[in-house]
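Participant:
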Amino acid sequence: MVSRGIPLASTSCVFCDVSDEDLHHCFFLCPRVEMVWRKIWSWWGIASPRPTYLEFLNMDIPTSRKNNIINVVFKATCVVSLWSIWAWRNRIFHAEDSEVEKLKLEDPFASIQKLSGFWISNRSRNIRIDLDFWVSNPTAVSER
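Under this note's numbering, the sequence shown has 143 at position 98, and the numbering climbs by one with no breaks.
Right, here's the structure in full:
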């Protein structure tokens with residue numbers, strides 16, 4: 046934000062207050078955010094990568110069977126996750142001082158699971174998701 050000319054009271058990360066906030070730190074390297082990503086990788090049954098931002102945008106789910114639908118769903122889940130992290134960051138940034146610490150302790154993972162399943166099932170004509178089953182097995186998607 047500072048690099049775009051927007052004055053801020055502090056350039057520290059709103060999640061950890063340790064590092065300066067930049068794109069890579071805010072979405073990937075902050076310890077609070079890394080915790081969320083580890084849960085997402087575990088949910089998808091993959092080892093926790095530590096991608097750079099550009100690598101992340103081109104990432105496919107590692108699988109022995111190249112299933113394009115699963116890769117599309119995985120990438121959509123990652124996009125929803127990025128949006129959810131940004132929304133979480135903004136709730137903290139714009140919160141009253143008395144609410145900040147409580148908001149920092151939030152775990153957005155459960156809402157990412159639900160929101161990604163809902164978003165994918167409503168945005169795709171070709172993918173069907175059973176939302177109740179989705180949270181336990183995100184790779185159990187099928188074509189319509």
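Just so you know, even glycine gets a beta-carbon here, dropped at the ideal spot from N, CA and C.
(1) Buried or exposed: which applies to P183, given that a residue is buried once 16 or more other Cβ atoms fall within 10 Å of its Cβ?
(2) What separation, rounded to the nearest whole angstrom, lies between the Cα atoms of V63 and F119?
(3) Smallest Cα separation from W179: which of P153, A132, I115?
(4) Kindly identify the DSSP beta-bridge partner or partners of S57.
(5) What is the C-beta distance between I165 and I157, in whole angstroms, given that I count them as a contact (C-beta under 8 angstroms)?
(6) Cα-Cα, which of R134, I172, S181, D177 is closest to T70?
Facilitator: Let's see:
(1) Counted from its first residue, the sequence shown places residue 183 at position 138. The residue is buried, with at least 16 neighbouring Cβ atoms inside 10 Å.
(2) Translated into the one-based positions of the sequence shown, residue 63 becomes position 18. Translated into the one-based positions of the sequence shown, residue 119 becomes position 74. Using only the alpha carbons, I get a separation of about 31 angstroms.
(3) Here residue 179 refers to the residue found at position 134 when the sequence shown is read from its first residue. Taking only the C-alpha atoms, the option nearest W179 is I115.
(4) By 1-based counting over the sequence shown, the position of residue 57 is 12. The partner list for S57 (beta bridge, DSSP) reads D65.
(5) Here residue 165 is taken as the residue at index 120 of the sequence shown, counted from 1. Here residue 157 is taken as the residue at index 112 of the sequence shown, counted from 1. Going by Cβ atoms, the distance from I165 to I157 rounds to 12 angstroms, so no, they are not a contact pair.
(6) One-based indexing of the sequence shown puts residue 70 at position 25. At residue 70 the sequence reads His, which differs from the Thr that was named. Ranked by Cα distance from H70, the first of R134, I172, S181, D177 is R134.
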